[in-house]
Amino acid sequence: MDYYQDNKEGCLHVTLELGGKDPFIVCKDVDVPHVAQVVVRAALQSSGQNCVGAKRFYVHKDVYSSLVVVVVKIVKLVTAI
Numbered sequence: 141m142d143y144y145q146d147n148k149e150g151c152l153h154v155t156l157e158l159g160g161k162d163p164f165i166v167c168k169d170v171d172v173p174h175v176a177q178v179v180v181r182a183a184l185q186s187s188g189q190n191c192v193g194a195k196r197f198y199v200h201k202d203v204y205s206s207l208v209v210v211v212v213k214i215v216k217l218v219t220a221i
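Note that the numbering used here gives residue 179 to position 39 of the sequence shown, counting from 1, and the numbers run on in steps of one.
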């Protein structure tokens, strides 16, 4: 018995959003202020309800501290509309 063939008149084509878990990788030779802007947008775009929004960040140890400082400054400026 082929379920689809027997029921294709009642079947709907759907697209399922399964969410992404792609890593956001920050190398040591980046422009920290620029990347900080991208990091914040990637994480907060659409209130974080974005399937391609960044959720995992891997930051090179040489720029980690400076990136965190800039990201924190930017996030503190974010306000709800």
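Note that beta-carbon positions come from the ideal geometry of N, C-alpha and C, so glycine has one too.
Residue j beta carbon less than 8 Å from that of residue i
i: Val215; j: Val180; result: yes
i: Ala194; j: Ala176; result: no
i: His200; j: Val166; result: yes
Simplified DSSP assignment, three categories, for residue i
i: Val166; result: strand
i: Val154; result: coil
i: Val199; result: strand
i: Lys171; result: The question names Lys, but residue 171 in the sequence shown is Asp. Here Asp171 sits in coil by DSSP.
Straight-line Cα distance separating residue j from residue i
i: Tyr198; j: Gln145; result: 47 Å
i: Lys168; j: Thr219; result: 30 Å
i: Val211; j: Leu217; result: 10 Å
i: Ser186; j: Glu149; result: 36 Å
i: Ser205; j: Val192; result: 25 Å
Residue i: CB within 7 Å of a non-hydrogen atom of the ligand PLP
i: Ile214; result: Looking at this structure, you won't find the ligand PLP or any other ligand, since it has none at all.
Top-ranked residue by Cα proximity to residue i, from the options
i: Asp202; options: Asp142, Val170, Phe164; result: Val170
i: Arg196; options: Leu207, Asp142, Pro163; result: Pro163
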